[in-house]
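Residue numbers (full-length UniProt numbering), protein chains in the order written: chain Y, 1 to 253; chain D, 1 to 253. Just so it is clear, CB atoms sit at the ideal spot from N, CA and C, and this is done for glycine as well. Below: one structure, written as structure tokens.
Protein chains: 2
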Amino acid sequence: MGLPINAAPEKWQTPCTRCPLRGLAHFRPFTPSELEFVSTFKIGELAVERGATILVEGAHCAHIYTVLTGLGFRYKLLDDGRRQIMNYIFPGDLIGLQGILMGEMEHSVEALGPVTLCVFERSKLARLFENHVSLAYDLTWIAAREERVLDEHLLSIGRRSALERTAYLLSYIHQRATTVGAITDARRVIPITQLHLADTLGLSLVHTNKTLRKLAERNLIRWRDGGYEVLDAPGLLSLSNWEGLKETARPFI
Amino acid sequence: MGLPINAAPEKWQTPCTRCPLRGLAHFRPFTPSELEFVSTFKIGELAVERGATILVEGAHCAHIYTVLTGLGFRYKLLDDGRRQIMNYIFPGDLIGLQGILMGEMEHSVEALGPVTLCVFERSKLARLFENHVSLAYDLTWIAAREERVLDEHLLSIGRRSALERTAYLLSYIHQRATTVGAITDARRVIPITQLHLADTLGLSLVHTNKTLRKLAERNLIRWRDGGYEVLDAPGLLSLSNWEGLKETARPFI
DNA sequence: CGGTGGGTTGACCAAATTCAATTGGAGTGG
DNA sequence: CCACTCCAATTGAATTTGGTCAACCCACCG
Numbered sequence: 001m002g003l004p005i006n007a008a009p010e011k012w013q014t015p016c017t018r019c020p021l022r023g024l025a026h027f028r029p030f031t032p033s034e035l036e037f038v039s040t041f042k043i044g045e046l047a048v049e050r051g052a053t054i055l056v057e058g059a060h061c062a063h064i065y066t067v068l069t070g071l072g073f074r075y076k077l078l079d080d081g082r083r084q085i086m087n088y089i090f091p092g093d094l095i096g097l098q099g100i101l102m103g104e105m106e107h108s109v110e111a112l113g114p115v116t117l118c119v120f121e122r123s124k125l126a127r128l129f130e131n132h133v134s135l136a137y138d139l140t141w142i143a144a145r146e147e148r149v150l151d152e153h154l155l156s157i158g159r160r161s162a163l164e165r166t167a168y169l170l171s172y173i174h175q176r177a178t179t180v181g182a183i184t185d186a187r188r189v190i191p192i193t194q195l196h197l198a199d200t201l202g203l204s205l206v207h208t209n210k211t212l213r214k215l216a217e218r219n220l221i222r223w224r225d226g227g228y229e230v231l232d233a234p235g236l237l238s239l240s241n242w243e244g245l246k247e248t249a250r251p252f253i
Numbered sequence: 001m002g003l004p005i006n007a008a009p010e011k012w013q014t015p016c017t018r019c020p021l022r023g024l025a026h027f028r029p030f031t032p033s034e035l036e037f038v039s040t041f042k043i044g045e046l047a048v049e050r051g052a053t054i055l056v057e058g059a060h061c062a063h064i065y066t067v068l069t070g071l072g073f074r075y076k077l078l079d080d081g082r083r084q085i086m087n088y089i090f091p092g093d094l095i096g097l098q099g100i101l102m103g104e105m106e107h108s109v110e111a112l113g114p115v116t117l118c119v120f121e122r123s124k125l126a127r128l129f130e131n132h133v134s135l136a137y138d139l140t141w142i143a144a145r146e147e148r149v150l151d152e153h154l155l156s157i158g159r160r161s162a163l164e165r166t167a168y169l170l171s172y173i174h175q176r177a178t179t180v181g182a183i184t185d186a187r188r189v190i191p192i193t194q195l196h197l198a199d200t201l202g203l204s205l206v207h208t209n210k211t212l213r214k215l216a217e218r219n220l221i222r223w224r225d226g227g228y229e230v231l232d233a234p235g236l237l238s239l240s241n242w243e244g245l246k247e248t249a250r251p252f253i
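Take a look at the structure:
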């Protein structure tokens, strides 16, 4: 897409050598050679506002991105406007891999709040596979992990009750946001709309609202300031009938 | 798992050089060097009966498999027995990649009918990434394609009505089975149970039955001989509000 | 100060589940 | 060959869950 990119390296806020994500225990460290390659792989940085469409269904894109800061979501639409959110996107997540490997994008990506992204160039992907086996392996790992997450979402939408399903989703987002340091602020609120949750859960907005209310009445969450705060993470998790995220050191690019 | 494997190469029914799948237009051809590597990667063949569990949730497995003949499905269970089928498996599909990359399996795989599989050894996967860039790329492609299919399933379960959703699933299975030559028999029946469909659709068995009946009344499908036959593929597709599979030449290993 | 985007609520309706049988074919033991 | 059992498909109610409609509230913003 024709999104504006800050192309001059000196203008980047964050060169790969000082990547803030690399410091988190959650991500696996890079070797010097990997770091050097990734530095050349990255061709720019992109900052978008809340509500911006980062990737759009049907497009052929020349780039893939890694989220540096902010949250987003991946979704598909039906002709009549029905929307299904497939998954949420957190710092360290790679987006656009599907599009780059298989041509046309089959989903869109939108920013939940202000988002900054590292931009990587498609044409250098071949070099990655040729010269950096460990990164090629990581790429496969990343794709397999997304598959695993989608499996759990599918189980949730297909077989969990509205209450379990909502508890699962809130737990999932909360866990991911926590491990990646995305809710370090004092308020600990995850900025999201009930319509987003509804479109993820496969429920109507009204029913989602009523279900959230039940969770709040049980003192598991609190809704405020345009998002939700988790009051009782173990309680939420046990209600959801889910085991929680198991990852330790995760690769990223 | 401790499944029996025919380990002696001379006992294999089908060496890679005479792989029956390679002849189908649907799969991309191999270079001689790729073919040679795959021949050493394959360490055996496995034949299982209908209902057999090929991979089980929670296991750590040393192998991955490619389906040679037959159909199967991938599923997860909740503690109380609720089952969600995530996807179906056709000849040429790779199974167990998640488990081999990330340790423990988080889903199970079961045979819908008699299935034969090629067995590949985990320990040789590193060599694949190191020496066969094109195959490493294919592996990533395969993982990304599964992700794409799961996206569509999620859209289906989350946002399509029971009738649309059922039409979608029947179309999807029919298309996949067709491109891979799995329903060449005169009866053209896809052997599957209504319970399987229900557990894929996120619907109850009773409601699935009634929905299938509606599709049959519209002369889109016919239920018989322990499976369904598609009478009007375009009609089914248009009812489903889905664009259909777009793949041309697909890699496989 | 009116408009807009979220969130909330109650009443009513539609979709889907559960319960409870029933049918029919395939396989089994006598 | 027949009675018996099991599995899969069906069917009709009764019931529950979730969806739709229609307000209304409230904070924020130009």
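Note down, in chain order, each residue of its chain lying with its Cβ closer than 7 angstroms to the Cβ of residue i, except the 5 sequence neighbours on either side.
i               : result
G226 of chain D : P191
S123 of chain Y : none
L195 of chain Y : L205
A162 of chain D : L203, H207, T211
P9 of chain Y   : For P9 of chain Y, the predicted structure reports a pLDDT of 48, less than 50, and the residue's modelled location is therefore unreliable. A value from the coordinates is still provided. Counting only Cβ-Cβ distances below 7 angstroms, and skipping sequence neighbours, we find nothing.
I183 of chain D : A177, I190
R165 of chain Y : S156, I157, L201
G160 of chain Y : This sequence places Arg at residue 160 of chain Y; Gly is not what is there. Y168, N241, listed in sequence order.
How many Å lie between residue i and residue j at the Cα?
i               : j               : result
L125 of chain D : S108 of chain D : 21 angstroms
I44 of chain D  : C118 of chain D : The sequence given here has Gly at residue 44 of chain D, not Ile. Using only the alpha carbons, I get a separation of about 6 angstroms.
I95 of chain Y  : V56 of chain Y  : 12 angstroms
L150 of chain Y : L97 of chain Y  : 15 angstroms
L245 of chain D : I221 of chain D : 19 angstroms
P20 of chain Y  : S39 of chain Y  : 14 angstroms
V133 of chain D : E243 of chain Y : 36 angstroms
G141 of chain Y : G158 of chain Y : What sits at residue 141 of chain Y in the sequence shown is Trp, not Gly. The alpha-carbon atoms of W141 of chain Y and G158 of chain Y are separated by roughly 25 angstroms.
N209 of chain Y : F30 of chain Y  : 43 angstroms
G81 of chain D  : K42 of chain Y  : 47 angstroms
E121 of chain Y : H63 of chain Y  : 5 angstroms
P91 of chain D  : H26 of chain D  : 11 angstroms
L197 of chain D : R22 of chain Y  : 44 angstroms
T193 of chain D : R18 of chain Y  : 55 angstroms
A136 of chain D : T14 of chain Y  : 30 angstroms
G181 of chain Y : P32 of chain D  : 48 angstroms
F37 of chain Y  : I253 of chain Y : 10 angstroms
Take residue i and list the residues in its own chain whose beta-carbon comes closer than 6 angstroms to its own, dropping the five residues that flank it on each side.
i               : result
A47 of chain D  : T116
S171 of chain Y : L236, L237, S240
D138 of chain Y : P251
A233 of chain D : none
E247 of chain Y : none
E229 of chain Y : R188, V189, R222
T249 of chain D : Per the sequence shown, the amino acid found at residue 249 of chain D is Ala instead of Thr. Around A249 of chain D: R28.
Apart from the five residues on each side of it in sequence, which residues of its chain come closer than 8 angstroms, Cβ to Cβ, to residue i?
i                      : result
D199 of chain Y        : Y75, R83, Q84, I85
G113 of chain Y        : R50, G70, L71, P191
residue 307 of chain D : As displayed, chain D neither begins before 1 nor continues past 253, which places residue 307 of chain D out of reach and without an answer.
L231 of chain Y        : N219, L220, I221, R222
E110 of chain D        : G51, A52, T53, I54, G72, F73, Y75
R224 of chain D        : V189
Just curious, the beta strand (DSSP E) that residue i is in, first and last residue?
i               : result
G227 of chain Y : 227-230
T53 of chain D  : 53-55
E121 of chain Y : 115-121
H63 of chain D  : 63-69
R222 of chain D : 221-223
Which residue marks the beginning of the alpha helix (DSSP H) containing residue i, and which one marks its end?
i               : result
A249 of chain Y : A249 of chain Y -> no alpha helix (DSSP H), and no H or E assigned at all.
K210 of chain D : 205-217
F129 of chain D : 125-131
V38 of chain D  : 32-41
A198 of chain D : 194-201
L78 of chain D  : Element bounds for L78 of chain D: n/a, residue is neither H nor E.
E110 of chain D : Premise fails: E110 of chain D lies in the beta strand (DSSP E), 108-111, not in any alpha helix (DSSP H).
T166 of chain D : 162-179
P234 of chain Y : 233-240
I183 of chain Y : Counting along the chain, I183 of chain Y falls outside any alpha helix (DSSP H), and DSSP gives it neither H nor E.
Using a Cβ-based criterion (distance less than 7 angstroms to any ligand heavy atom), does residue i qualify as near the ligand ATP?
i              : result
I64 of chain Y : The ligand ATP is not part of the structure shown, which contains no ligands of any sort.
I think residue i touches residue j, with their Cβ atoms under 8 angstroms apart; what is that distance to the nearest whole Å?
i               : j              : result
C16 of chain D  : L35 of chain D : 6 angstroms
D93 of chain Y  : T66 of chain Y : 7 angstroms
H153 of chain D : L78 of chain Y : At roughly 14 angstroms, the Cβ-Cβ gap does not stay under 8 angstroms, so H153 of chain D and L78 of chain Y are not in contact.
Contact between the region 59-74 of chain D and the region 85-102 of chain D is defined here as three or more beta-carbon pairs at a separation below 8 angstroms; is this criterion met? yes
Under 8 angstroms, with one C-beta from each stretch per pair, do the region 166-180 of chain D and the region 213-220 of chain D reach the 3-pair mark? The region 166-180 of chain D, when compared against the region 213-220 of chain D, does touch it at the 8 angstroms Cβ threshold.
I want to know whether the region 128-137 of chain Y touches the region 174-189 of chain Y - three or more CB-CB distances under 8 angstroms. Taking one beta carbon from each stretch, the region 128-137 of chain Y and the region 174-189 of chain Y have fewer than 3 pairs nearer than 8 angstroms; the two do not touch.
So does the region 94-103 of chain Y actually touch the region 141-150 of chain D, counting three or more Cβ pairs closer than 8 angstroms? Yes: the two stretches touch, three or more of their Cβ pairs being nearer than 8 angstroms.
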